[in-house]
Structure formats: C-alpha cells, structure tokens
Amino acid sequence: MVLSRCRPLSARLRLFGAQRAFHQSCMVLNNAALFSFRHRLNMGAMDDSVVQQAVTHHSFDENSNNDALAEVGRHAIAYYTLEYLHGKYPNLPSDAFKAVHGAYRSNATLSQLGERVGVQHVMRWERPQELEDSIKEGHQAAVVSCVRALVGALYQAQPESAKQFVHEHLLSRPVDLTPVLESTFANPKRQLTAELRRRNQKPAVSRLLSESGRLSRAPVFVVGVFSAEKKLGEGFGSSKKMAEHRACRDALLQFYGVEQKDFMLPSDNGNYTPPVLGDTHALA
Numbered sequence: 327m328v329l330s331r332c333r334p335l336s337a338r339l340r341l342f343g344a345q346r347a348f349h350q351s352c353m354v355l356n357n358a359a360l361f362s363f364r365h366r367l368n369m370g371a372m373d374d375s376v377v378q379q380a381v382t383h384h385s386f387d388e389n390s391n392n393d394a395l396a397e398v399g400r401h402a403i404a405y406y407t408l409e410y411l412h413g414k415y416p417n418l419p420s421d422a423f424k425a426v427h428g429a430y431r432s433n434a435t436l437s438q439l440g441e442r443v444g445v446q447h448v449m450r451w452e453r454p455q456e457l458e459d460s461i462k463e464g465h466q467a468a469v470v471s472c473v474r475a476l477v478g479a480l481y482q483a484q485p486e487s488a489k490q491f492v493h494e495h496l497l498s499r500p501v502d503l504t505p506v507l508e509s510t511f512a513n514p515k516r517q518l519t520a521e522l523r524r525r526n527q528k529p530a531v532s533r534l535l536s537e538s539g540r541l542s543r544a545p546v547f548v549v550g551v552f553s554a555e556k557k558l559g560e561g562f563g564s565s566k567k568m569a570e571h572r573a574c575r576d577a578l579l580q581f582y583g584v585e586q587k588d589f590m591l592p593s594d595n596g597n598y599t600p601p602v603l604g605d606t607h608a609l610a
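Set out below in structure tokens:
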C-alpha cells in the first residue's frame with residue numbers, strides 16, 4: 327500500500343492564493359503595457375479591448391483574434407500607399423511603381439515597423455511547434471498581422487487616424503528609386519528616344535564634354551545627352567559608348583524619379599484633380 331503525501335488545506339489555499347495573485351499581476355502588467363503602447367501611438371481614444379484584439383494572433387486564440395482587422399488594415403495600407411506614390415512620383419513607370427508599392431507593403435517592411443513601435447512587447451501569440459508552420463506563422467508573421475490589425479482598427483474608428491499612422495510610421499521612411507528604375511532600363515538610349523518622341527521634344531544628341539588619358543590604359547570620357555540646348559543627363563566611362571549609355575540612363579532617372587513636393591491626395595478634403603489618363607511612360 328502506497329501512501330501519498332498531501333499538503334494540508336491551509337498550504338493548498340496559500341498556494342492557490344499565490345497563483346491567483348500571480349495571474350492578476352500578469353493581467354495588470356499586460357494592461358499597463360497596452361496602456362503605454364496605446365498612448366505612445368496616439369491611440370488613446372481607442373478602447374483597450376479593441377487594441378487587445380488587434381495584437382492577438384490567431385495562434386493564441388482561434389475565436390477572438392485580429393484576422394478580420396488585419397484584412398481591413400491590409401487594404402487600407404495598400405490604398406494609402408498607392409495614392410501617396412501616385413501623387414509624389416507622377417512619372418514613375420508601371421513596373422517600378424509596382425515594385426516600390428510592394429516594397430512598402432512587404433512583410434519585411436511591416437515587421438520592421440512593428441518592432442520599431444514595440445508591437446513585440448504587447449502582442450499575444452504562440453510559437454509554432456512544426457518547422458513548416460514557423461515559416462508562415464512565425465514571429466515575423468505575427469508582428470505583421472498585428473501592424474495590419476492596428477491600422478484596421480484605426481480605420482474602422484476614424485479613417486483619417488489610419489492615414490496619419492501610415493504616413494508617419496511607413497511612408498515617412500526614405501526610399502531609393504535608383505536600383506528599381508535601373509532594373510527597368512533594358513536599352514536606355516532607345517527608351518530615351520521614345521520618351522522624347524512622346525513628349526514632342528527634339529531627339530537626343532550625345533556630346534563629348536571632357537576626356538582624360540585617351541592614350542593611357544585608363545581613359546575617362548564624360549558625355550552629355552542634350553535635347554536641343556537642354557542638357558538631359560551626364561555620364562562617364564572608359565569608352566564613349568559606356569559614357570553615353572550612362573548619360574542616357576541618368577536622363578531617364580531624372581525624368582522618371584522626379585518628386586512632387588506639394589501634391590493633393592484623393593483622400594484629402596478638397597478638390598482633387600486626377601492626372602490625365604494615358605499620360606504614362608513610353609514603351610521602347
């Protein structure tokens with residue numbers, strides 16, 4: 327006969343009380359973190375329960391989670407990013423436009439945003455046990471869903487607040503268009519010729535601006551591309567052909583990468599005038 331040792335009733339009550347106090351302290355700590363997080367992101371008017379749902383991944387709770395809010399936020403981020411890029415870079419080619427638009431909405435970008443504002447300290451999720459699931463449902467995916475859900479919650483409460491959040495935390499980050507645009511320049515000289523023809527400007531003419539070491543092992547040529555008397559771009563190289571290629575590429579970069587400083591967005595309150603349909607880049 328084996329006798330089991332049981333704790334006295336008083337000891338069990340003390341243990342139960344300690345566990346209950348621990349869970350209450352965790353709840354208070356979580357509420358304090360949510361309160362701080364909410365006010366740090368200027369979401370003070372939003373109810374704690376909504377913020378809590380926005381930072382609850384479906385791996386933590388299959389019934390009450392942020393899936394619906396994340397879907398709303400995904401579309402809101404796509405819309406506000408789309409209209410911003412359309413207004414700021416009016417001459418951006420369609421391929422480059424899609425690449426930049428996708429980069430702003432990518433999981434890597436949204437995950438960095440979430441880590442920057444402290445989503446990882448308040449989100450509720452459970453780490454997947456299987457390696458295959460960790461790729462789709464890992465820490466980055468949970469952070470991204472929380473960021474989208476926060477934007478979705480803001481959009482449902484006040485669309486202007488969601489727009490302000492996207493502009494302050496996402497669109498305020500600088501973006502380098504050079505590598506994106508250069509990837510679309512298969513033949514810069516031919517594309518520049520087509521672009522000038524579309525704009526009813528005189529054809530491009532290459533002119534040698536300067537050179538050094540023509541007879542040496544490392545010559546340098548500087549070529550400029552002109553339309554009439556207007557200089558469009560400039561490039562250098564170890565040969566005239568290379569310098570001309572870079573000058574044409576520089577001219578396209580300056581045209582397609584032009585930024586509008588003051589522009590109105592469709593979501594702004596005011597008289598928005600859309601650009602003329604069909605005014606897009608030339609296909610060479």
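Just so we're aligned, residue 327 is where the sequence shown starts under the working numbering, counting upward by one. Heads up, the beta-carbon is just placed ideally off N, CA and C, and yes, glycines get one too. Predicted, not measured: the structure shown is a model, and the values here were computed from it.
| Item | Value |
| --- | --- |
| Residue range of the unbroken beta strand (DSSP E) whose run includes residue 533 | 530–538 |
| Among 454, 564, 375 and 515, nearest to residue 476 - alpha-carbon criterion | 375 |
| Collapsed DSSP secondary structure at residue 448 in the structure displayed | coil |
| Residue range of the alpha helix (DSSP H) that includes residue 491 | 485–492 |
| 8 Å CB neighbourhood of residue 409 in its chain, flanking five on each side removed | 591, 592 and 593 |
| Residue 535 versus 543, 548 and 404, residue with shortest Cα-Cα distance | 548 |
| Neighbourhood of residue 407 by C-beta, 8 Å cutoff - its chain only, sequence neighbours within 5 removed | 427, 430, 431, 492, 496 and 497 |
| Residue from 403, 402 and 423 with nearest C-alpha to residue 412 | 423 |
| Distance, residue 570 Cα to residue 560 Cα | 8 Å |
| Alpha-carbon to alpha-carbon, residue 564 and residue 541 | 11 Å |
| Span separating the alpha-carbon of residue 486 from that of residue 557 | 43 Å |
| Cutoff 6 Å; reference residue 554; Cβ partners in own chain excluding five residues on either side | 528 |
| One or two residues paired with residue 553 in a DSSP bridge | 530 and 556 |
| Secondary structure of residue 426, DSSP reduced to three states | helix |
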